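Student:
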Amino acid sequence: MRLGFGLGLQYSRLSGGGSGFTPSNLFSNGVRGAWYDPSDLSTLFQDAAGTTPVTTDGDPVGKMLDKSGNGNHAKQSVSGLRPIYRTDGTLHWLDGNGVDDFLITDAIAPIARDSTGIYFSMAAKSNQGTLRVSQYNASNSSRNFSTSGVIGDNVSSYNAGTQLASSFEAGKFAIVEFNRDNPHVFSFKWEGPNSYNKAQLNNETVIDSPETLASVGTFTSQPLEIFSINNGNLLTEGRIYGIFVIGDVLTETKSNSLKEYMASKVGITL
Amino acid sequence: MNTKYTQRATIAVPIYQIEDANQLALCLGESSSDDQTFTTAKYQDADGNLYAVCSTVVKPIFAEMAGEDLQAHTHALNVNLEKAQRAQALLQINEGTATPNVIAVILGVRLESAQEHIQLLGLSAVLIEE
Chain F
234 MRLGFGLGLQ YSRLSGGGSG FTPSNLFSNG VRGAWYDPSD LSTLFQDAAG
284 TTPVTTDGDP VGKMLDKSGN GNHAKQSVSG LRPIYRTDGT LHWLDGNGVD
334 DFLITDAIAP IARDSTGIYF SMAAKSNQGT LRVSQYNASN SSRNFSTSGV
384 IGDNVSSYNA GTQLASSFEA GKFAIVEFNR DNPHVFSFKW EGPNSYNKAQ
434 LNNETVIDSP ETLASVGTFT SQPLEIFSIN NGNLLTEGRI YGIFVIGDVL
484 TETKSNSLKE YMASKVGITL
Chain Y
8 MNTKYTQRAT IAVPIYQIED ANQLALCLGE SSSDDQTFTT AKYQDADGNL
58 YAVCSTVVKP IFAEMAGEDL QAHTHALNVN LEKAQRAQAL LQINEGTATP
108 NVIAVILGVR LESAQEHIQL LGLSAVLIEE
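Line by line, the protein sequences are chains F and Y. Residue numbering for the first sequence follows this note's numbering, starting at 234 and increasing by one per position. Residue numbering for the second sequence follows this note's numbering, starting at 8 and increasing by one per position.
#1: Of all the alpha helix (DSSP H) runs that stay within the bounds of the stretch 64-131 of chain Y, which reach a length of 4 or more residues?
#2: Looking only at its chain, what residues have a beta carbon closer than 6 Å to the beta carbon of F/ASP481, apart from the 5 residues adjacent to it on each side?
#3: Note down, in chain order, every chain F residue with its Cβ under 9 Å from the Cβ of Y/ASP41.
#4: Going by the CB atoms, is the gap between F/PRO456 and F/ILE351 shorter than 9 Å?
#5: So, at 6 Å on beta carbons, what are the nonlocal neighbours of F/MET495 in its own chain, with the 5 sequence-adjacent residues on each side left out?
#6: What ranges does the beta strand (DSSP E) occupy inside the stretch 9-45 of chain Y, keeping only unbroken runs of at least 3 residues that lie completely in it?
#7: Based on Cα-Cα distance, which residue from Y/CYS61, Y/ASP52, Y/PRO67 and Y/LEU77 lies nearest to Y/VAL116?
#8: Using a 10 Å radius around the Cβ and a threshold of 16 neighbouring Cβ atoms, would you call Y/ALA91 buried or exposed?
#9: With distance defined between alpha-carbon atoms, name the residue in F/SER428, F/SER497, F/ILE479 and F/ASN377 nearest to F/ASN435.
#10: F/ASN430 touches chain Y at which residues, Cβ-Cβ below 7 Å?
#11: For F/GLY500, decide whether its Cβ has a neighbour in chain Y, counting only Cβ atoms nearer than 9 Å.
#12: Does F/GLU493 pass the burial test, meaning 16 or more other C-beta atoms within 10 Å, or should it be called exposed?
#13: Looking only at C-alpha atoms, which of Y/THR17, Y/GLY103 and Y/VAL86 sits nearest to Y/GLN30?
#14: For F/GLY304, is the classification buried or exposed, using 16 other Cβ atoms within 10 angstroms of its Cβ as the cut-off for buried?
#15: How about F/LYS308 and F/LEU336: are their beta carbons less than 9 Å apart?
#16: If we ignore side chains and look at the alpha-carbon of each, how far apart do F/PRO426 and F/THR453 end up?
#17: Between the C-alpha atoms of Y/CYS34 and F/THR380, what's the straight-line distance to the nearest angstrom?
#18: Using the Cα positions of F/LEU468 and Y/LEU134, report the straight-line distance between them to the nearest angstrom.
#19: State yes or no: is the beta carbon of Y/LYS120 nearer than 9 Å to at least one beta carbon in chain F?
#20: Got a sec, what are the start and stop residues for the beta strand (DSSP E) F/LYS422 sits in?
#21: Within the stretch 434-501 of chain F, note down every full beta strand (DSSP E) run reaching 3 residues or more, in order along the chain.
#22: For F/THR276, go through chain Y and note every residue whose CB falls closer than 9 Å to its CB, in chain order.
#23: Assign Y/ASN56 to one of three DSSP states: helix, strand, or coil.
#24: Once the 5 residues before and after Y/SER39 are set aside, which same chain residues still bring their CB inside 7 Å of it?
#25: In this structure, how does DSSP classify F/LEU364 when only helix, strand and coil are distinguished?
#26: Could you give the C-beta distance for Y/ALA121 and Y/SER62, rounded to a whole number, given that I count them as a contact under 8 Å?
#27: F/ASP290 versus chain Y: which residues are under 9 Å apart at the beta carbon?
#28: Please report whether the beta-carbon of F/GLU458 lies at a distance below 9 Å from any beta-carbon of chain Y.
#29: From the DSSP output, in three-state form, read off F/SER379 for me.
#30: Checking 9 Å against the spacing of the C-beta atoms, do F/GLY295 and Y/ASP41 come in under that value?
#31: Measure the C-alpha to C-alpha separation of F/ILE317 and F/THR484 and round it to an integer number of angstroms.
#32: F/GLY283 by DSSP, collapsed to three states: which one?
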């Protein structure tokens, strides 16, 4: 079944998310951000122009529509650099090969801002390293957000949060190590100036960064990238089952509902 | 319905062949942007020679086209066929590890891992600072 783009379905009745939870409502009233959902085939296309739909397991993905209503569609115009749509008949995901696959939007207004903070949630399974998603300025002259990671022998680690002007300085970001190959929901939030980067792996709070982040540096327009940071310069191998990037501070109720919804996408129960 | 992309090709281009290889990619690929397939040389062999690598699912016609006379397709009318043909002459499909004087390709079934192909090519990633 192909679900229509932007339908306000009450997903709780379909696949988790708590009573009455409607993901699209997270973006009501002009909230910036992006929502990518590989289980919705109506949002996937083989080419960057969006003319050839993805229809079956193994098709390359050249365009993934943003379901948030913000128009932040992610594309890959080079045919050899496209992630693959995969499904086992129940779950649906994008496979990134860690060599060259990534999707990227046009440069968009910063989603993380002092006035609204940011909330990020991703349903994922990493084969090697960490599933990178970012809106990131390679020059480090401005602030944005990034998830990145370190490739270890048996573990992956997230290094995520809202960036300071200079870099993700030690101790000021969120970092967590976890067993590779574990399907998981990774979330982080930054609530604005003088707040912390906080991160959760499933329901476990894995970090409250030890120092608050002052409002330093400028947020600039950058592309949003999936499977990569810095315009495809750093990539990782693994599966992404869903992504939310929300320019808003979520209530705990909404945050928990979103995590439950994302857990259903990756096939786990929180 | 089964996908038409039933194979995986992993292609190692020596750093000095990137320009020609991108014209070949334009000939064999499906997009007018395929001349940007090979960019940074992020992999190296045991001797430290650098390569740009692309790993992607392909249709079976890929291997056929790679061995035929090259043509400028509608998505790539401005392709430089001379450069593409130079790169084509260097292609070696499933003939061993990458070396600086060939464009080595590992061609397998679609579910094979890109990382495994890179091992078969005898390459490892060059560490890049975050």
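Even for Gly, the Cβ is constructed at its ideal location relative to N, Cα and C. Given the structure is predicted, the values throughout are model-derived calculations rather than measurements.
Tutor: According to the structure data:
#1: 68-73, 88-96 and 121-127
#2: In the first sequence, the residue the question calls residue 481 of chain F occupies position 248. For F/ASP481, where only same-chain residues beyond five positions count, the Cβ hits under 6 Å are VAL264 and THR349.
#3: Taking the second sequence and counting its residues from 1, one reaches residue 41 of chain Y at position 34. Those are SER310, VAL311, SER312 and GLY313, listed as they occur along chain F.
#4: Taking the first residue of the first sequence as position 1, residue 351 of chain F is located at position 118. Taking the first residue of the first sequence as position 1, residue 456 of chain F is located at position 223. In this structure, F/PRO456 does not lie closer than 9 Å to F/ILE351 by Cβ.
#5: As a first step, residue 495 of chain F is located in the first sequence; it is residue number 262 there, counting from the start. SER354, ALA356, VAL418 and GLY475, listed in sequence order.
#6: 14-21
#7: In the second sequence, counting from the first residue as 1, residue 116 of chain Y sits at position 109. Nearest of Y/CYS61, Y/ASP52, Y/PRO67 and Y/LEU77 to Y/VAL116, Cα basis: Y/PRO67.
#8: If you number the second sequence from 1, residue 91 of chain Y lands on position 84. Burial call: buried.
#9: One-based indexing of the first sequence puts residue 435 of chain F at position 202. Of the candidates F/SER428, F/SER497, F/ILE479 and F/ASN377, the one whose C-alpha sits nearest the C-alpha of F/ASN435 is F/SER497.
#10: By 1-based counting over the first sequence, the position of residue 430 of chain F is 197. For F/ASN430, no chain Y residue has a Cβ inside 7 Å of its Cβ, as the nearest lies near 16 Å away.
#11: Here residue 500 of chain F is taken as the residue at index 267 of the first sequence, counted from 1. At a cut-off of 9 Å between C-beta atoms, F/GLY500 does not count as an interface residue with respect to chain Y.
#12: As a working note, residue 493 of chain F is residue 260 in the first sequence. Buried, since its Cβ has 16 or more Cβ neighbours within 10 Å.
#13: As a first step, residue 30 of chain Y is located in the second sequence; it is residue number 23 there, counting from the start. When only C-alpha atoms are compared, the closest one is Y/VAL86.
#14: Reading the first sequence from its first residue, position 71 is the one you call residue 304 of chain F. Label assigned to F/GLY304: exposed.
#15: Start at 1 with the first residue of the first sequence, and residue 308 of chain F comes out as number 75. Start at 1 with the first residue of the first sequence, and residue 336 of chain F comes out as number 103. Yes; because the gap between Cβ atoms is below 9 Å, this pair is in contact.
#16: Taking the first residue of the first sequence as 1, we reach residue 426 of chain F at position 193. Taking the first residue of the first sequence as 1, we reach residue 453 of chain F at position 220. Whole-angstrom Cα-Cα distance: 16 Å.
#17: In the second sequence, counting from the first residue as 1, residue 34 of chain Y sits at position 27. In the first sequence, counting from the first residue as 1, residue 380 of chain F sits at position 147. Rounded to the nearest angstrom, the two C-alpha atoms are 36 Å apart.
#18: Locating residue 468 of chain F in the first sequence gives position 235, where the first residue counts as 1. Locating residue 134 of chain Y in the second sequence gives position 127, where the first residue counts as 1. F/LEU468 and Y/LEU134: Cα-Cα distance of roughly 12 Å.
#19: Counted from its first residue, the second sequence places residue 120 of chain Y at position 113. According to the sequence provided, residue 120 of chain Y is Ser. The question's Lys does not apply to it. At least one chain F Cβ lies under 9 Å of Y/SER120.
#20: As a position in the first sequence, residue 422 of chain F is number 189, starting the count at 1. Here the beta strand (DSSP E) through F/LYS422 covers 417-423.
#21: 437-441, 455-459 and 470-479
#22: Taking the first sequence and counting its residues from 1, the one referred to as residue 276 of chain F is at position 43. By Cβ distance, chain Y contributes nothing, its closest Cβ being about 18 Å from F/THR276, past 9 Å.
#23: The residue labelled residue 56 of chain Y in the question sits at position 49 within the second sequence. Correct three-state label for Y/ASN56: coil.
#24: Counting from one through the second sequence, the residue named residue 39 of chain Y turns up at place 32. Excluding sequence neighbours, Y/SER39 sits near HIS82 and ALA83.
#25: On the first sequence, position 131 is the one that residue 364 of chain F refers to. Coil at F/LEU364, not helix or strand.
#26: The residue given as residue 121 of chain Y occupies position 114 in the second sequence. The residue given as residue 62 of chain Y occupies position 55 in the second sequence. Contact flag correct, Cβ pair sits at about 4 Å.
#27: Start at 1 with the first residue of the first sequence, and residue 290 of chain F comes out as number 57. Near F/ASP290 (Cβ distances below 9 Å), the residues of chain Y are ASN9 and THR10.
#28: To locate residue 458 of chain F, count along the first sequence from 1; it is residue 225. No, its Cβ sits nowhere closer than 9 Å to a Cβ of chain Y.
#29: The residue you call residue 379 of chain F lines up with position 146 of the first sequence. DSSP places F/SER379 in strand when its eight states are reduced to three.
#30: The residue you call residue 295 of chain F lines up with position 62 of the first sequence. The residue you call residue 41 of chain Y lines up with position 34 of the second sequence. Contact flag unset, no.
#31: Residue numbering aside, residue 317 of chain F sits at position 84 when the first sequence is read from its first letter. Residue numbering aside, residue 484 of chain F sits at position 251 when the first sequence is read from its first letter. Taking the straight line joining both Cα atoms gives about 34 Å.
#32: Numbered from 1 along the first sequence, position 50 holds the residue referred to as residue 283 of chain F. Of the three classes helix, strand and coil, the one that applies to F/GLY283 here is coil, per DSSP.
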